[in-house]
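To start, the structure under review is shown below, and the notes come after it.
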């Protein structure tokens, strides 16, 4: 992927219908600052708000794109966000803001965002290889199909588990039994989702 970069474009779904929109935009700025700091080694142009409730950033490592997207979704939960990821060359000089740049990666990212919205998916990738894109987007589609039924309590316990590392610790914080946590994870097919994400991230790292 020499000479190519990754553009991530995100857009808050139905943002104009959200009450306290100004507070949401302020929260978005704070979240993007956290992302820019956490992943600063791989971010070539910082994430920033570009148009209304749309935001964008440029990175140099494709496998990190999915991880960054998951982080943004977690930090902005329960807001719904569409993401388009484009891979390609940059036709302009680098700038402090992506809005002042252009090129193949930007075109593909915006096209991918359009596909995500039209297909009612949260994430869509365009890398320039149709077979590769089909594989990536099919895995994401299957992951999202499982997660569609997850409630707020499911997400909260999953994030706690990923932070704490054991069902015992999650159960203690949630005030329930370890068996109840284990049963819930089986019901929401957590292991299947995790395996699919590992395959996806491994595949992205080879591009």
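In my numbering, the protein residues as written are 10 to 216.
The beta carbon of each residue, even a glycine, is placed where N, CA and C say it ideally should be.
Computed from a prediction, not measured in an experiment: that's the story for all the values here.
Assuming the contact rule is C-beta atoms closer than 8 angstroms, residue i and residue j should be a hit. Round their C-beta distance to whole Å, please.
i	j	result
residue 131	residue 90	7 angstroms
residue 67	residue 145	Incorrect: roughly 19 angstroms between the Cβ atoms, too far for contact.
How long is the line joining the alpha carbons of residue i and residue j, rounded to whole angstroms?
i	j	result
residue 205	residue 141	16 angstroms
residue 15	residue 185	42 angstroms
residue 120	residue 39	27 angstroms
residue 137	residue 147	16 angstroms
residue 181	residue 161	18 angstroms
residue 122	residue 193	33 angstroms
residue 33	residue 135	28 angstroms
residue 170	residue 178	8 angstroms
residue 88	residue 202	21 angstroms
residue 117	residue 183	43 angstroms
residue 59	residue 35	14 angstroms
residue 159	residue 197	7 angstroms
residue 12	residue 52	15 angstroms
residue 31	residue 37	10 angstroms
residue 174	residue 19	30 angstroms
residue 104	residue 77	21 angstroms
residue 17	residue 165	25 angstroms
residue 152	residue 124	17 angstroms
In chain order, what residues of the same chain have a beta carbon less than 6 angstroms from the beta carbon of residue i, not counting five sequence neighbours either side?
i	result
residue 176	187, 190 and 191
residue 8	Absent from the structure is residue 8, since the part of the chain shown begins at 10 and ends at 216.
residue 107	54, 65 and 67
residue 100	111 and 112
residue 149	132
residue 126	91
residue 95	16, 114, 117, 118, 121 and 135
Based on DSSP bridge pairs, tell me the residues matched to residue i.
i	result
residue 132	92
residue 21	90
residue 16	67 and 95
If we define contact as Cβ-Cβ less than 8 angstroms, is residue i a contact residue for chain C?
i	result
residue 44	Absence of chain C from the displayed structure is noted, only one protein chain being present.
Keeping to the same chain, check which residues put their C-beta closer than 7 angstroms to that of residue i; ignore five residues upstream and five downstream.
i	result
residue 41	56, 57 and 64
residue 43	84
Residues in the same chain with beta-carbon distance under 8 angstroms from residue i, minus the five sequence neighbours each way, listed in chain order, please.
i	result
residue 163	193 and 197
Runs of alpha helix (DSSP H) wholly within the segment 25–86 (minimum 4 residues, chain order) = 30–47 and 71–85
key: Continuous beta strand (DSSP E) assignments of at least 3 residues falling wholly in the segment 95–165   = 132–135
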